[in-house]
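To start, the structure itself, in structure tokens.
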Amino acid sequence: MQLQTNCKRKSLTTIDDRCYFCYCNQAKFDVMSKTIKSVLLLCFILSGAISHAHGAARTEKENEEGVPISIILKTQHGGTDKSGSIVSSIDGHYLTVVFTENLGQVAIEITTSTGGYVQVDSCMTPNGLQFYIPNTGDYIVNFTLPNGDEYYGEFTVTD
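Here it is in structure tokens:
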């Protein structure tokens, strides 16, 4: 083995015309470089997937059909008006309700325009609830927040 003259550690033996210390540091640098490249590639792939998912969700929301229902404050027991946090629409026999912020446990009641209680089927969606209303006619959806505030919206179910 030979000593390498341009190395700071002249007393170390060389491997393939490089000192052992420099060779190990170069190997560590190569491993770190490959690791950094792998992490950057993974971040790039994940950012593309997240961007695609966000775009697909936005497109789905833009393609939602249905007639928006205005939500009106009925009674307020203090605090701020939360009617903008309740987004609802009717599409045929399906009433969709989305909460844009956490309002707690909200009681939802659907009645006919004359006040009769309506039994409906409901299911959870990723961002709210969907109700199936079997009969055509005029209806009112009532929302009662945990603090006692009440909101309502009027809508018509058509075939």
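So that you can map any letter, position 105 of the sequence shown is 105 in this note's numbering, and since no number is skipped, the others follow by simple counting.
For each residue, glycine too, the CB sits at the ideal point set by N, CA and C.
Original post:
Between the C-alpha atoms of V106 and T114, what's the straight-line distance to the nearest angstrom?
Top reply: Inter-residue distance for V106 and T114 is about 23 Å (C-alpha atoms, whole angstroms).
**OP:** Run the CB neighbour count on G116, radius 10 Å, all protein chains shown included, and call it buried at 16 or more, exposed below.
**Re:** The residue is exposed, with fewer than 16 neighbouring Cβ atoms inside 10 Å.
**OP:** Note down the Cα distance separating P134 from H93, rounded to an integer number of angstroms.
**Re:** Each residue's Cα considered, the two are about 6 Å apart.
Subject >> Bounding residues of the beta strand (DSSP E) (the contiguous stretch that carries Y94) >> reply: Bounds of the beta strand (DSSP E) holding Y94 are 94-99.
Subject >> Nearest candidate by alpha-carbon position, reference E109, set Y152, D159, K34 >> reply: When each option's Cα is compared against that of E109, the closest is Y152.
Original post:
Expressed to the nearest angstrom, what Euclidean distance is found between the alpha-carbon atoms of I140 and H77?
Top reply: Taken atom to atom, the span from the alpha-carbon of I140 to that of H77 is near 21 Å.
Original post:
Is D149 near G84, with beta carbons less than 8 Å apart?
Top reply: No.
Subject >> Coarse secondary structure for S83, derived from DSSP in three states >> reply: Residue state, collapsed to three classes: helix.
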